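Asks: Take a look at the following structure, please.
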Amino acid sequence: MMRDTERDLTLRLEVARLREETARLRQELGLKNQNINLLTKINRNMRAALSVREVSYLLLTAATAGAGLGFNRAALFLRDPDSDRLRGIMGIGPDTEEEAHRVYEDADRKRYGFDFYINQFYERNFAISGHFHDTVVRVDCPPSRSNVLHQVLAAKMPRIFSETDAPEWKGAEVLGELFTSEFLVASIANTTEALGVILVDNFFTNRPIMTEDVWALQTLCDFGASMLLSARHYEEAEKRSVIDDLTRIYNYRYLREKLCDEIERGRRYKRRFSVILADIDHFKNFNDKNGHLTGNKALKDMARIFAENIRTVDTVARFGGEEFMVVLPETERDGARRAAEKLLAKVRASHFTGEENQPQGRVTFSAGVASFPDDAEDFEGLIEAADRRLYIAKAQGRNCIVSE
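Those letters in the sequence shown? Residues 0 to 403, per numbering that gives the first Met the number 0, in order.
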């Protein structure tokens, strides 16, 4: 009788253990299926994501969205291949507890899916704002064994940091300002290159970071590594396709796209802008007297002077040969003329190798100014107006600006 009771108890314990194990396996399977579904959705969106910024947002949204891994906040830091510094690229997450509760309640009530957040990003024209994001992008960590971000990147292994590790990380750049109790860092790397790290936390809900969270984030990072590499290669190729090989400023292809965008913007929002078309004076004579290598150096020097003396919102491009064009948004005719005169003054004051062989003993340029919509409302019309005034400037003796 005793043996039957013991056998029955043993059987019940075994059944209970099997049920517990079955529940655990079901939970693991559910998490794996959830992660697979998440990666499938990311993969679908990644196909259309061409820039590093787009891929970055997709990864951080996958880490924070309720339909994703569900962390409160996430930050991406990418390694600079030249300096090995880790720089903050983007941060996603609420700034205050009130905002956090509002966002989470809204997401639960409306059951926002992953696609909702992606569409929001594109509607905002890739813009990210907020104190959290602003703090993240200030991070610029030089290579250091004591820096927790570099530690994880070097080891290529995820790690949870908590209050007990405080001496290691509280003084590390601005991490002490951002993450106070517990956070997780996972590396983004492939077999040959370490790209960066993603850092996540549950700052507002204080939900403990579990083992399954660690490997879910690492799986996301492993998946994201190839996507980030592809985006970086695409951006490098795209940059090469719009940069002039000699002068390293934009080429005609990019100029045309930029100018057409400004025209469309001007039509839609009733905005004015202007262009400057400049041509180096007596450049054929310069090449004949000094040779093409010195002529190429003069073109590079001219491009550098233009690039260094325009506003950050302006665009300078090589129009062709010895001609350059500057696009000046939100600038009327008089403002564009003043900008052209400033450039001409800078060129006159600069030394060019071989300038003594020029008719005036120095390198100068002539320029024509045209404005939208006063002179024209399409690409060809603006170019023709600027070109017409450029030739008037040359007819007037060169080394001058014509804007009317």
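Note that beta-carbon positions come from the ideal geometry of N, C-alpha and C, so glycine has one too.
Quick caveat: nothing in here was measured; it's all calculated off a predicted structure.
In terms of residues, what are the limits of the alpha helix (DSSP H) holding residue 163?
Replies: Numbered from 1 along the sequence shown, position 164 holds the residue referred to as residue 163. Taken as a continuous stretch (DSSP letters only), residue 163 belongs to no alpha helix (DSSP H), as it is neither H nor E.
Asks: Sort 201, 55, 396 and 155 by Cα distance to residue 72 and report the nearest one.
Replies: In the sequence shown, residue 72 corresponds to position 73, counting from 1. Among 201, 55, 396 and 155, the Cα nearest to that of residue 72 belongs to 201.
Asks: Should residue 316 go down as buried or exposed, given a rule of 16 or more other Cβ atoms within 10 Å for buried?
Replies: Translated into positions along the sequence shown, residue 316 becomes position 317. With 16 or more Cβ atoms within 10 Å of its Cβ, residue 316 is classed as buried.
Asks: Using C-beta distances below 7 Å, list every residue in its chain close to residue 404, excluding the 5 sequence neighbours before and after it, in chain order.
Replies: Absent from the structure is residue 404, since the part of the chain shown begins at 0 and ends at 403.
Asks: Less than 7 Å between the beta carbons of residue 275 and residue 340, yes or no?
Replies: Numbered from its first residue, the sequence shown carries residue 275 at position 276. Numbered from its first residue, the sequence shown carries residue 340 at position 341. Contact flag unset, no.
Asks: Use the C-beta contact count for residue 392: other C-beta atoms within 10 angstroms, 16 or more gives buried, fewer gives exposed.
Replies: The sequence position of residue 392 within the sequence shown is 393, counting from 1. Label assigned to residue 392: buried.
Asks: Going by Cα to Cα distance, which pick from 234, 331 and 53 is closest to residue 372?
Replies: As a working mapping, residue 372 is identified with position 373 in the sequence shown. Of 234, 331 and 53, the residue nearest in Cα terms is 331.
Asks: Please work out which residues of its chain come closer than 7 Å, Cβ to Cβ, to residue 87, disregarding the five sequence neighbours upstream and downstream, and give them in chain order.
Replies: Along the sequence shown, read from residue 1 onward, the residue named residue 87 stands at position 88. Counting only Cβ-Cβ distances below 7 Å, and skipping sequence neighbours, we find 74, 76, 135, 136, 137 and 138.
Asks: Report the partner residues of residue 328 according to the DSSP bridge assignment.
Replies: Stepping through the sequence shown from its first residue, residue 328 is reached at position 329. Answer is 272, bridged to residue 328.
Asks: Please list the terminal residues of the continuous alpha helix (DSSP H) segment that includes residue 228.
Replies: Within the sequence shown, numbered from 1, the residue matching residue 228 stands at position 229. Start and end: 210-241.
Asks: Under a three-way DSSP split, which group does residue 30 fall into?
Replies: As a working note, residue 30 is residue 31 in the sequence shown. Caution is warranted here: a pLDDT of 49 is assigned to residue 30, below 50, making its placement in the model unreliable, and no coordinate value can be reported.
Asks: Evaluate the contact criterion for the segment 146-154 versus the segment 194-208: three or more CB pairs, one atom per stretch, below 8 Å.
Replies: With a cut-off of 8 Å, the segment 194-208 and the segment 146-154 count as touching, because enough Cβ pairs lie within range.
Asks: Between the C-alpha atoms of residue 396 and residue 333, what's the straight-line distance to the nearest angstrom?
Replies: Within the sequence shown, residue 396 is the residue found at index 397, counting from 1. Within the sequence shown, residue 333 is the residue found at index 334, counting from 1. Those two C-alpha atoms are separated by around 22 Å.
Asks: State the start and end residues of the unbroken alpha helix (DSSP H) segment that holds residue 152.
Replies: Indexing the sequence shown from 1 puts residue 152 at position 153. Element bounds for residue 152: 147-154.
Asks: Let me know the secondary structure DSSP gives residue 312 once reduced to three states.
Replies: For the purposes of this step, residue 312 is taken as the residue at position 313 of the sequence shown. Coil at residue 312, not helix or strand.
Asks: Output the boundary residues of the alpha helix (DSSP H) element that contains residue 200.
Replies: Position 201 of the sequence shown holds residue 200. According to the DSSP assignment, residue 200 belongs to no alpha helix (DSSP H) but to the beta strand (DSSP E) extending over 193-200.
Asks: For the beta strand (DSSP E) containing residue 184, list its first residue and its last residue.
Replies: Here residue 184 is taken as the residue at index 185 of the sequence shown, counted from 1. Counting along the chain, the beta strand (DSSP E) containing residue 184 begins and ends at 181-188.
Asks: Thinking just about the alpha-carbon of each residue, which of 189, 207 and 143 is nearest to the one in residue 220?
Replies: On the sequence shown, position 221 is the one that residue 220 refers to. Closest option to residue 220, Cα to Cα, is 189.
Asks: In chain order, which continuous runs of the beta strand (DSSP E) of length 3 or greater are located wholly inside the segment 337-394?
Replies: 364-371
Asks: Rounded to the nearest angstrom, how far is the Cβ of residue 302 from that of residue 351, given a contact under 8 Å?
Replies: Within the sequence shown, residue 302 is the residue found at index 303, counting from 1. Within the sequence shown, residue 351 is the residue found at index 352, counting from 1. In fact, because the Cβ distance is near 12 Å, the residues do not count as touching under 8 Å.
Asks: If you run the structure through DSSP and keep just helix, strand and coil, what is residue 73?
Replies: Within the sequence shown, the letter at position 74 stands for residue 73. Three-state result, residue 73: strand.
Asks: Identify the residues that DSSP records as bridge partners of residue 401: which are they?
Replies: Counted from its first residue, the sequence shown places residue 401 at position 402. DSSP, once it has assigned bridges, lists 367 as partnering residue 401.
Asks: What does residue 89 pair with, by DSSP beta-bridge criteria?
Replies: The residue labelled residue 89 in the question sits at position 90 within the sequence shown. In DSSP, residue 89 forms a bridge with 75.
Asks: How many angstroms separate the CA atom of residue 143 from the CA atom of residue 83?
Replies: As a working note, residue 143 is residue 144 in the sequence shown. As a working note, residue 83 is residue 84 in the sequence shown. Approximately 10 Å between the Cα atoms of the pair.
Asks: I need the straight-line Cα distance from residue 183 to residue 208, nearest angstrom please.
Replies: The count along the sequence shown starts at 1 and reaches residue 183 at position 184. The count along the sequence shown starts at 1 and reaches residue 208 at position 209. Those two C-alpha atoms are separated by around 8 Å.
Asks: What residues in its chain sit with their C-beta under 7 Å from that of residue 216, if we drop five residues either side in the sequence?
Replies: Stepping through the sequence shown from its first residue, residue 216 is reached at position 217. Hits under 7 Å: 62, 68, 157, 183, 185, 197 and 199.
Asks: Label residue 147 either buried or exposed according to how many other C-beta atoms from any shown protein chain fall within 10 Å of its C-beta, with 16 as the threshold for buried.
Replies: Here residue 147 is taken as the residue at index 148 of the sequence shown, counted from 1. Label assigned to residue 147: buried.
Asks: So what's residue 105 in DSSP terms, helix, strand or just coil?
Replies: Reading the sequence shown from its first residue, position 106 is the one you call residue 105. Reduced to three states, the DSSP call for residue 105 is helix.
Asks: Flag this pair as touching only if the segment 262-280 and the segment 372-386 have three or more C-beta atom pairs under 8 Å; answer yes or no.
Replies: yes
Asks: When burial is assigned at 16 or more other CB atoms within 10 Å of the CB, is residue 130 buried or exposed?
Replies: Here residue 130 refers to the residue found at position 131 when the sequence shown is read from its first residue. Counting Cβ neighbours within 10 Å, residue 130 comes out exposed, since fewer than 16 surround it.
Asks: Please classify residue 314: is it buried, with 16 or more other beta-carbons within 10 angstroms of its beta-carbon, or exposed?
Replies: The residue you call residue 314 lines up with position 315 of the sequence shown. The residue in question, residue 314, is buried, as its Cβ has 16 or more Cβ neighbours within 10 Å.
Asks: What would DSSP say about residue 203, mapped onto helix, strand or coil?
Replies: For the purposes of this step, residue 203 is taken as the residue at position 204 of the sequence shown. Here residue 203 sits in coil by DSSP.
Asks: Below 6 Å CB to CB, which residues in the same chain sit around residue 60 once its five sequence neighbours on both sides are set aside?
Replies: For the purposes of this step, residue 60 is taken as the residue at position 61 of the sequence shown. So the list reads 116, once near-sequence residues are dropped.
Asks: Evaluate residue 281 with the Cβ neighbour count: other Cβ atoms within 10 Å of its Cβ, from every protein chain shown; 16 or more gives buried, anything less gives exposed.
Replies: As a first step, residue 281 is located in the sequence shown; it is residue number 282 there, counting from the start. With 16 or more Cβ atoms within 10 Å of its Cβ, residue 281 is classed as buried.
Asks: Near residue 24, what residues of its chain come up, given a Cβ to Cβ distance below 7 Å and the 5 sequence neighbours on each side ignored?
Replies: In the sequence shown, counting from the first residue as 1, residue 24 sits at position 25. Unreliable positioning characterises residue 24 in this predicted model, as indicated by a pLDDT of 46, which lies under 50. The coordinate reading is nonetheless provided below. Once the five neighbours on either side are set aside, residue 24 has no close Cβ partner at all.
Asks: Can you give me the C-alpha to C-alpha distance between residue 258 and residue 312, rounded to a whole angstrom?
Replies: Your numbering for residue 258 matches position 259 in the sequence shown. Your numbering for residue 312 matches position 313 in the sequence shown. Roughly 13 Å between the two C-alpha positions.
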